[in-house]
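A.B. asks: Counting in the numbering used here, the sequence shown runs without a single skipped number right up to 100 at its last residue.
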Amino acid sequence: MVNFIKYVGFSILAAGVITFLYLGLGMKTYEPGLSEGYTYEEPHPLRWVYAIASFLSCAFFGSVLLGISRILQHKESESEYLKGIHEDIRHMKARNGIID
Numbered sequence: 001m002v003n004f005i006k007y008v009g010f011s012i013l014a015a016g017v018i019t020f021l022y023l024g025l026g027m028k029t030y031e032p033g034l035s036e037g038y039t040y041e042e043p044h045p046l047r048w049v050y051a052i053a054s055f056l057s058c059a060f061f062g063s064v065l066l067g068i069s070r071i072l073q074h075k076e077s078e079s080e081y082l083k084g085i086h087e088d089i090r091h092m093k094a095r096n097g098i099i100d
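(1) If contacts are defined as beta-carbon pairs under 8 Å, then I12 and L65 qualify, I think. What distance do you get, rounded to the angstrom?
(2) I'd like to know whether the C-beta atoms of G9 and S54 end up nearer to each other than 8 Å.
(3) Taking just the CA atoms, how far does G33 sit from I5?
(4) What does the alpha-carbon distance come out to for the pair R90 and K83?
(5) Measuring CB to CB, does Y40 end up less than 8 Å from E31?
(6) Is it buried or exposed for S57, if we count other Cβ within 10 angstroms and need 16 for buried?
(7) By the three-class DSSP mapping on this structure, what secondary structure does E36 have?
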């Protein structure tokens, strides 16, 4: 589960970078050329604003998922560590004849 959340977080970050580049470099407006009979292709004036907004939103959600995966990973390792401590205490009590 931890690895799945981590991979989803990384994929969202990668999608954010790809979307940033696609919007920043490829977003265009088409204005008709009435006298020539075809359209002019010009860069959209707000393309970088949209690209940055898209990147920031993907970066936020991807980072949240990466943080959640780190927290879950830490909790899992902590619970394994505590299980080991409880097992050691149980063995020490058994050696000394102490019964719970």
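Even glycine gets a Cβ: it sits at the ideal position worked out from N, Cα and C.
C.D. replies: This is what the structure gives:
(1) One-based indexing of the sequence shown puts residue 12 at position 12. One-based indexing of the sequence shown puts residue 65 at position 65. That belief holds up - the Cβ atoms of I12 and L65 are roughly 7 Å apart, short of 8 Å.
(2) Counting from one through the sequence shown, the residue named residue 9 turns up at place 9. Counting from one through the sequence shown, the residue named residue 54 turns up at place 54. 8 Å or more divides the Cβ of G9 from the Cβ of S54.
(3) Taking the first residue of the sequence shown as 1, we reach residue 5 at position 5. Taking the first residue of the sequence shown as 1, we reach residue 33 at position 33. The straight-line gap from Cα to Cα measures roughly 50 Å.
(4) Taking the first residue of the sequence shown as position 1, residue 90 is located at position 90. Taking the first residue of the sequence shown as position 1, residue 83 is located at position 83. Looking at the two C-alpha atoms, the distance is approximately 10 Å.
(5) Position 40 of the sequence shown holds residue 40. Position 31 of the sequence shown holds residue 31. Contact flag set, yes.
(6) Counting from one through the sequence shown, the residue named residue 57 turns up at place 57. By the 10 Å Cβ count, S57 comes out exposed.
(7) Numbered from its first residue, the sequence shown carries residue 36 at position 36. Of the three classes helix, strand and coil, the one that applies to E36 here is coil, per DSSP.
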